[in-house]
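These notes are about the structure you will find just below.
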Amino acid sequence: MTTISMTVNGKAVTGNVEPRTLLVQFLRENLRLTGTHVGCDTSQCGACVVHVDGAAVKSCTMLAVSCDGSNVTTIEGLANGAELHPMQAAFREHHGLQCGFCTPGMIMSAVDMVNRLGPDLDEKTIREELEGNICRCTGYHNIVKAVEAGAQAMGATGQRVAAE
Amino acid sequence: MASTGIGAPVRRKEDFRFITGKGQYTDDINRPGQTYAAFVRSPHAHAAIKRIDASEALASPGVLAVLTGADLEADKIGGLICGWMIHNKDGSPMKAGAHPALAVGKVRYVGDHVAVVIAETQAQARDAAEKVAVDYEPLPAVVDMNEALTGKTVIHDVAPDNRVYDWHLGDKAATDAAFAKAKHVTRLDLVNNRLAPNPMEPRAAIGDYDAGNDAFTLYTTSQNPHVARLVLSAFIGIAPEHKLRVIAPDVGGGFGSKIFIYAEETVCVWAAKRVGRPVKWTSDRTEAFLADAHGRDHLTHAELALDERGKILGLRVHTKANLGAYLSTFSSSVPTYLYAPLLSGQYDIPAIYCEVEGVYTTTAPVDAYRGAGRPEATFVVERLVEVAARELGQDPAAFRKKNFIRKFPHQTPVIMAYDTGDYTASLEKALEMADVKGFAKRRRESARNGKLRGLGYSAYIEACGIAPSQAVGSLGAGVGLWESAEVRVNPVGTVEVLTGSHSHGQGHETTFAQLVSDRLGIPIDQVAIVHGDTDKVQFGMGTYGSRSGAVGMSAISKALDKVIAKGKKVAAYAMEASEGDIEFKDGRFGVSGTDKSLGFGEVALQAYIAHKFSGQELEPGLKEGAFYDPTNFTFPSGVHICEVEIDPDTGVTTIEKWTAVDDFGHVINPMIVEGQVHGGIAQGVGQALLEGVRYDASGQLVTASYMDYCMPRAKDLPSFQVGTTVTPCPSNPLGIKGCGEAGAIAAPPAVINAITDALGHEDIAMPATPQAVWQAVQRRLPAIAAE
Ligand code: FES
Ligand code: FES
Chain C
1 MTTISMTVNG
11 KAVTGNVEPR
21 TLLVQFLREN
31 LRLTGTHVGC
41 DTSQCGACVV
51 HVDGAAVKSC
61 TMLAVSCDGS
71 NVTTIEGLAN
81 GAELHPMQAA
91 FREHHGLQCG
101 FCTPGMIMSA
111 VDMVNRLGPD
121 LDEKTIREEL
131 EGNICRCTGY
141 HNIVKAVEAG
151 AQAMGATGQR
161 VAAE
Chain Z
165 MASTGIGAPV
175 RRKEDFRFIT
185 GKGQYTDDIN
195 RPGQTYAAFV
205 RSPHAHAAIK
215 RIDASEALAS
225 PGVLAVLTGA
235 DLEADKIGGL
245 ICGWMIHNKD
255 GSPMKAGAHP
265 ALAVGKVRYV
275 GDHVAVVIAE
285 TQAQARDAAE
295 KVAVDYEPLP
305 AVVDMNEALT
315 GKTVIHDVAP
325 DNRVYDWHLG
335 DKAATDAAFA
345 KAKHVTRLDL
355 VNNRLAPNPM
365 EPRAAIGDYD
375 AGNDAFTLYT
385 TSQNPHVARL
395 VLSAFIGIAP
405 EHKLRVIAPD
415 VGGGFGSKIF
425 IYAEETVCVW
435 AAKRVGRPVK
445 WTSDRTEAFL
455 ADAHGRDHLT
465 HAELALDERG
475 KILGLRVHTK
485 ANLGAYLSTF
495 SSSVPTYLYA
505 PLLSGQYDIP
515 AIYCEVEGVY
525 TTTAPVDAYR
535 GAGRPEATFV
545 VERLVEVAAR
555 ELGQDPAAFR
565 KKNFIRKFPH
575 QTPVIMAYDT
585 GDYTASLEKA
595 LEMADVKGFA
605 KRRRESARNG
615 KLRGLGYSAY
625 IEACGIAPSQ
635 AVGSLGAGVG
645 LWESAEVRVN
655 PVGTVEVLTG
665 SHSHGQGHET
675 TFAQLVSDRL
685 GIPIDQVAIV
695 HGDTDKVQFG
705 MGTYGSRSGA
715 VGMSAISKAL
725 DKVIAKGKKV
735 AAYAMEASEG
745 DIEFKDGRFG
755 VSGTDKSLGF
765 GEVALQAYIA
775 HKFSGQELEP
785 GLKEGAFYDP
795 TNFTFPSGVH
805 ICEVEIDPDT
815 GVTTIEKWTA
825 VDDFGHVINP
835 MIVEGQVHGG
845 IAQGVGQALL
855 EGVRYDASGQ
865 LVTASYMDYC
875 MPRAKDLPSF
885 QVGTTVTPCP
895 SNPLGIKGCG
905 EAGAIAAPPA
915 VINAITDALG
925 HEDIAMPATP
935 QAVWQAVQRR
945 LPAIAAE
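These protein sequence lines are chains C and Z, in that order.
For the first sequence, the residue numbers in the numbering used here are 1 to 164.
For the second sequence, the residue numbers in the numbering used here are 165 to 951.
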């Protein structure tokens, strides 16, 4: 067992983990932050995307120990209290989710996309940038619309991820 | 009320918890003292089990138990069941082999369940599962259906030729006569590729045993928790129904694959009593590929008989359906009663005859996957019709129009009585929206850029609203397919609706609340929809087959009628008027001809305080239930048009334009309905272009991860143009037909018809991957050279 410490959604946390523990397991099992999901075992689906030190990562593909000292934001840390992050609001407004399982990863990827590329995203860019996120329900049509609108809204408020 | 009532694109009530990471999926739940299960799975497609030695596993850290099929037998736990009896042509019953939850004596596919290890942590359970030593004696694998039917290798002793059934539907003599007088016959051999359903949430289960009350709770990823409880109680024998609670919390997509009662949840709930602690299992994606029921997998020869003008005279179909190594819960019905009755499509076909052989192979079980039988039927009909039009040199749209059914009701030769529809209206609207007039020009432009452009149609029909219980009972179903609802009005006038339907992405918490809001005239946020818990909802058949609108909401509508009727009685006492003078409108009970009225909430309070009437006159309270059994199937239909461009150098197919015009009858929430259409099309396009489960000759699954099985991603798809036409369904009170499977049914033939139009020949099978398309382009090239 190794002791690790990090900041998750603005709070300092400490835990004892086996070296093989994945970041997603640490978040889900140790911290009971179950909004981050696991949809595959080959780093393909993106259900597990969180931000580590401001960049999107697949938390199923990172060891918890390698995040020691990092600043992690999960879907639970995106909203500012009851006030939704513009990307979350856009997913609801544009019906960008059905079963909701891929949604936390989609939203975290979408926010990262805007952080990297700015708020003016066209359909082609969004579709290509979503390469690492699989949704089985929506056919992506409304996800693309939601990301486009969420990006615009982020641009309008000059917003990056709250805790970063 | 218009903004939250029927027909309004209300934003979903359930979304807040999902977009903030507060959903409660099965794997998000943890029980005190919980242990973890890991399954020992067969590495062989087919083998005899000589010996299982668990000693090393049992000695491993954290291991509490290693259980096998012998332990299940010792506890008298029965095998998994198939709930639909199919009869052979000669009237004899199908041959169903035993399906133990943990193998007994033999394994029959890679991933088959051999033993379970229960340990303190998931990692310990998985580590120890690798230490269970199983002595196998390998037997030959049989992956190919034609090879299986030779009977050289027998998978189940009860079926020596591996033929589960040899079934037929329709009038053979009349169909043969139609072919005898045909001027033209179109013939096709079709492969309907095997698919892995792949809801993004893998299956999971937690079994919990309360020794004090001798009662079990199972948390599981189910589309139909009551059916799971019924099967686990009455057939498998875990516990009687009143001692078994099944909870299906938030479920991350199902598409059919979470209808079935599988080995894993059976074992978790049983093992919880064995080890005296909760037992949790969460599938990883590899296990999901190995052991979730697959979909489709048909080999079909089909023939269409035509007269000299291109009128269809008859249809003859022979299908071999791969059912895998065991019969999954509803598997037997999918290639029979959910398939052949749809073979008339939207067309007036005087004679149809269909034969289906169900075949055992040493592969994972195959069962319902989004559309279940209806996509397979539509693929047969729409490929045949398209090719027939091409062979006769007729425009495919005009050819369809000429053969459309125009008069309703219409009795097809294959069971179904279509109630209503306007197929020409959908086709014309789609032609317009897709700008088919401009296609020739677009094709020339593509050609100038060295690309091949094609246009493909699909005019589909499906049977939803499954189903009138008497009708399905007469066809072999083991259950009735009605739905239940209970409307509980609280003293302050807020409402809880308990429904037997289950939502796993469909948005019932919103659409069902819209119905209540519309009918009772109360704000939508005063309505809560309760589902997915057998302790709360008395009984229900669950969600599949696009049935929750047409059947589930009809049950709610019936219960609401009763609530309003009782409310009128209460209002009459409260306002000292006669019951016959009470009118209910816009959320108020009024006395006709006066200005006296009470709001819905005020009447609810009167019902509960019961001061204005005596118990002899009227029971206090306001709570009503209903069971709704449909009187007919519903028949959603529509036309999808796909336009593709192929790069002949790479074989890459790009979908340039997708037009869908669907007739779902009345629509409760158009935003949600469009979302269902989008998702269905994506799965259909996945089948046509990308997806395919492959086993090698030794029965090893080669497509067991997202690196080998190609899921549609955002860049594989276009945005869709979606339109509707409306012919209300006459057989249910809301006029709803159902929309959940339409896209998956319509899409595959639209894509393949477009690709073959671009290629100029019909020789391509699904999935039309870049490699397959590139090869098909090469097959066309000599013909071009010769032109
Ligand atoms: S769970 Fe991390 S990519 Fe699928
Ligand atoms: S909403 Fe279900 S997987 Fe995306």
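Beta carbons are placed, not taken as given, at the ideal position from N, Cα and C, and that holds for glycine.
Keep in mind that this is a model prediction, so the values were computed, not measured.
Between Z/H666 and the set Z/K422, Z/E472, Z/E855, Z/I819, the nearest pair of CA atoms involves Z/K422.
Beta-bridge pairing by DSSP links Z/T446 to Z/A368. In this structure, C/C137 has its CB closer than 7 Å to one or more heavy atoms of ligand 2. Contact residues of the region 870–884 of chain Z toward chain C are Y870, M871, M875, R877, A878, K879, L881, S883, F884 (C-beta to C-beta distance below 7 Å). Taking Z/V498 as the centre and dropping the five residues before and after it, the same chain places the C-beta of A532, A536, G537 closer than 6 Å to its C-beta, in chain order. Shown here for Z/D811: same chain residues with a beta carbon closer than 7 Å to its own, the five before and five after excluded, namely K615 in chain order. By the criterion of a C-beta distance shorter than 6 Å, Z/V322 is surrounded in its chain by K259, G261, once the five residues flanking it on both sides are discounted.
Within the model, the alpha-carbon separation for C/S5 versus C/K11 is close to 10 Å.
In the displayed model, Z/Y587 falls within a helix according to three-state DSSP. For the options Z/H462, Z/I513, Z/E546, the alpha carbon positioned closest to that of Z/E521 is the one of Z/H462.
Boundaries of the alpha helix (DSSP H) around Z/F563: 560–567. In the three-state reduction of the DSSP assignment, C/M6 falls in the strand class. Z/Q847 has its CB no nearer than 7 Å to any heavy atom of ligand 2. At a threshold of 7 Å, C/L97 counts as near ligand 2, since its beta carbon sits closer than that to one of the ligand's heavy atoms. Inclusion of Z/D826 and Z/C893 in the CB contact set at 8 Å is not warranted, their separation being larger than that value. Counting the other Cβ atoms within 10 Å of the Cβ of Z/P264 gives 16 or more, which makes it buried. Per DSSP, reduced to three states, the secondary structure at C/N142 is helical. Residue contact check for Z/I845 against chain C: a CB pair falls below 8 Å.
By the Cβ criterion, the region 354–374 of chain Z is not in contact with the region 174–181 of chain Z, since fewer than three pairs of Cβ atoms, one from each stretch, lie closer than 8 Å.
At a cut-off of 8 Å, the C-beta of C/R116 has no neighbouring C-beta in chain Z. Secondary structure at C/G77: helix, using DSSP grouped into helix, strand and coil. Here Z/D235 carries a helix assignment [DSSP, helix/strand/coil]. A Cβ-Cβ distance of about 7 Å is found for the pair C/L130 and Z/R877, placing them in contact under the 8 Å criterion.
Taking the beta carbon of C/C48 as reference, no residue of chain Z falls within 8 Å; the closest one sits roughly 11 Å away.
The beta carbon of Z/K270 is closer than 6 Å to those of A212 in its chain, skipping five residues each way along the sequence. Neighbours of C/F26 across chain Z, judged by C-beta separation under 8 Å, do not exist; the nearest C-beta is about 13 Å away. Secondary structure at C/C67: helix, using DSSP grouped into helix, strand and coil. CA-CA distance, Z/K566 to Z/A914, rounds to 19 Å. Spanning the alpha carbons of C/A110 and Z/L881 requires a straight line of approximately 18 Å. The three-state secondary structure of Z/W331, taken from DSSP, is strand. For Z/P302, the enclosing beta strand (DSSP E) covers residues 297–302. Taking 3 residues as the shortest admissible run, the region 778–837 of chain Z contains the following complete beta strand (DSSP E) segments, listed from N- to C-terminal end: 787–792, 801–810, 817–827. Excluding five sequence positions before and after Z/P800, the CB atoms of its chain that fall closer than 8 Å to its own CB belong to I625, E626, C628, S710, D826, D827, F828, G829, K901, G902, C903, A906, given in chain order. Of the residues C/A146, C/C45, C/D41, C/T14, the one whose Cα lies closest to the Cα of C/Q88 is C/A146. In this structure, the alpha-carbon of Z/T385 lies about 24 Å from that of C/I107. Here C/T14 is exposed. Its C-beta has fewer than 16 other C-beta atoms within 10 Å.
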